[in-house]
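Down below is the structure, laid out as structure tokens.
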Amino acid sequence: MRGFSLAFFLSLSLLASAGESFREFLEKELSGFEKEKEEYDRYLRDVEKEFQEYKRIVSEEFRRFKEEVIGRWGYYEASDKKKIVQYSKDLRVKRVFDFEKGELRIEVLGNAGRDTLEKELRDFISQTEREAFLSDRLLVRIERRVSGLKHVKRARLSDTPILAPLLSGKDAKALLKEGTLVRKTSPKGTITSFKVKVRRGRIPKRAFIYKPLVVEESEKHDLPPDLVFAIIHTESYFNPLATSPVPAYGLMQVVPGSAGIDATRFLFGKPYLLAPSFLYNPKNNIRIGTAYLHLLYYRYFKGVRDERSRLLCVIAAYNTGPGNVARAFTGGKDLSEAIEVINGLSYKEVLRTLLYRLPW
Numbered sequence: 036m037r038g039f040s041l042a043f044f045l046s047l048s049l050l051a052s053a054g055e056s057f058r059e060f061l062e063k064e065l066s067g068f069e070k071e072k073e074e075y076d077r078y079l080r081d082v083e084k085e086f087q088e089y090k091r092i093v094s095e096e097f098r099r100f101k102e103e104v105i106g107r108w109g110y111y112e113a114s115d116k117k118k119i120v121q122y123s124k125d126l127r128v129k130r131v132f133d134f135e136k137g138e139l140r141i142e143v144l145g146n147a148g149r150d151t152l153e154k155e156l157r158d159f160i161s162q163t164e165r166e167a168f169l170s171d172r173l174l175v176r177i178e179r180r181v182s183g184l185k186h187v188k189r190a191r192l193s194d195t196p197i198l199a200p201l202l203s204g205k206d207a208k209a210l211l212k213e214g215t216l217v218r219k220t221s222p223k224g225t226i227t228s229f230k231v232k233v234r235r236g237r238i239p240k241r242a243f244i245y246k247p248l249v250v251e252e253s254e255k256h257d258l259p260p261d262l263v264f265a266i267i268h269t270e271s272y273f274n275p276l277a278t279s280p281v282p283a284y285g286l287m288q289v290v291p292g293s294a295g296i297d298a299t300r301f302l303f304g305k306p307y308l309l310a311p312s313f314l315y316n317p318k319n320n321i322r323i324g325t326a327y328l329h330l331l332y333y334r335y336f337k338g339v340r341d342e343r344s345r346l347l348c349v350i351a352a353y354n355t356g357p358g359n360v361a362r363a364f365t366g367g368k369d370l371s372e373a374i375e376v377i378n379g380l381s382y383k384e385v386l387r388t389l390l391y392r393l394p395w
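Sequential numbering of the sequence shown, starting at 36, is according to the working numbering.
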């Protein structure tokens, strides 16, 4: 007889010797299981309730910061999936790097000389992931507030440089010579703007930095590394500080309340909310994102028989959620019904349905 330990049978014999019936023992065991389930359900409700508070905090801080920036600049430019945008403490200086376009830009309110631009360039291109995070007023505010939630996991960011590997050893002086400097007028006064292009072919160099992490996590979860690299490329263009007001964070744009909860339950045994600092740590982000991909492929869409159709559904679900994929095929969120429909379609029909009917 398999699946039962010696301790289990010893407990039965001890109970019998104490005069307790087998039925009473089973009732106690069942009661214990029910209590554990109630406690877990309560915990899950607490986590889901906290995520609503998490989203409220993010929304408040985004709105507050946007108003502050508009008050200074007259318009709002923010970090997103493929772009880092940093402001100085007094909001007079803006530093931007666009990972997709391969463009670095420094803008200063007022007339700024080359010395000022060189200093800003030098500081920007030497920043580590940790320094970039700590210099971002919006992210620090969100981190501080969500850290007060009970079920939040935080982490320390790495000291890996963000931009230096993309610049082939060029320093601030060399970049100043290559770029263009203009002064433009705005409702808020003069803006000094410096812009320089980084050859786009060099951008994927960041992929090599993350290759060991991607390979390690892909092997753990029986996924092709190419799939994980493709997700990172699409979601963030290898920007470790990729940000979305959804909210979603980091290389694989993990949403704390969906992918984050599913993946932490799978990895840690129970769900947690993940603070920005946790998801801006590349190792953590790739671990969580790859675990979520595993769940999508081997659990949510396991029933899709055609492997190519299954992969299409997984990629779409990673971006917009399993429920929306189901809705594209049936109009409802029932995944089992959607899978039944998918299995009756060809690969091209699945692709066409996702392209034209998927809610985004």
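All C-beta atoms, glycine included, are put in the ideal place defined by N, C-alpha and C.
Small disclaimer: the values here were computed from a predicted structure and weren't measured.
Check, Outcome
"Can you give, in chain order, each stretch of the beta strand (DSSP E) that sits fully within the stretch 324 to 354 and has at least 3 residues?", "none"
"So F313 packs on K116, CB below 8 Å; how close in whole Å?", "With 8 Å as the limit, F313 and K116 do not qualify as a contact, their Cβ atoms being about 18 Å apart."
"State the Cα-Cα distance for the pair L174 and F168, rounded to the nearest angstrom.", "7 Å"
"Can the beta-carbon of L139 be found closer than 9 Å to that of K232?", "yes"
"With the cut-off set at 9 Å, would you say T278 and S114 are in Cβ contact?", "yes"
"When burial is assigned at 16 or more other CB atoms within 10 Å of the CB, is S182 buried or exposed?", "exposed"
"With DSSP as the reference, identify every bridge partner of D125, one or two as the case may be.", "None; D125 has no bridge partner."
"Could you have a look at F273 and say whether DSSP puts it in helix, strand or coil?", "coil"
"Given a threshold of 16 other Cβ atoms within 10 Å of its Cβ, counted over all protein chains shown, does P275 qualify as buried or as exposed?", "buried"
"Buried or exposed: where does R37 fall if 16 or more other Cβ atoms within 10 Å of its Cβ makes it buried?", "Note on R37: pLDDT 48, under 50, position unreliable in the model; no value is reported."
"Can you tell me the Cα-Cα spacing of L258 and L328, whole angstroms?", "8 Å"
"Just reading off the beta strand (DSSP E) that S228 is part of, what are its end residues?", "G224 to K232"
"Out of curiosity, what's the CA-to-CA distance linking D150 and K124?", "19 Å"
"For I195, which three-state DSSP category applies?", "With the sequence shown as reference, residue 195 is identified as Thr, and Ile is not the correct amino acid for it. Correct three-state label for T195: coil."
"In the DSSP assignment, find the unbroken beta strand (DSSP E) run with K219 in it and report its ends.", "T215 to S221"
"Taking K90 as the reference, give the member of R180, M287, N319 and Y245 with the closest Cα.", "R180"
"Can you tell me whether V143 is helix, strand or coil according to DSSP?", "strand"
"From the DSSP output, read off the bridge partner residues of Y284.", "T278 and V289"
"Span of the alpha helix (DSSP H) holding F303?", "A294 to F303"
"Tell me the DSSP secondary structure of K205 in three-state form.", "coil"
"Restricting to Cα atoms, I'd like to know which of E88, L331 and R77 is closest to P291.", "E88"
"Does K118 come out as helix, strand or coil in the three-state DSSP assignment?", "strand"
"Assuming L286 contacts I267 under a Cβ cut-off of 8 Å, what Cβ separation, rounded to an integer in Å, is found between them?", "5 Å"
"Quick one: grab the DSSP three-state call for F168.", "helix"
"In angstroms, rounded to a whole number, what distance separates the CA positions of G214 and F159?", "15 Å"
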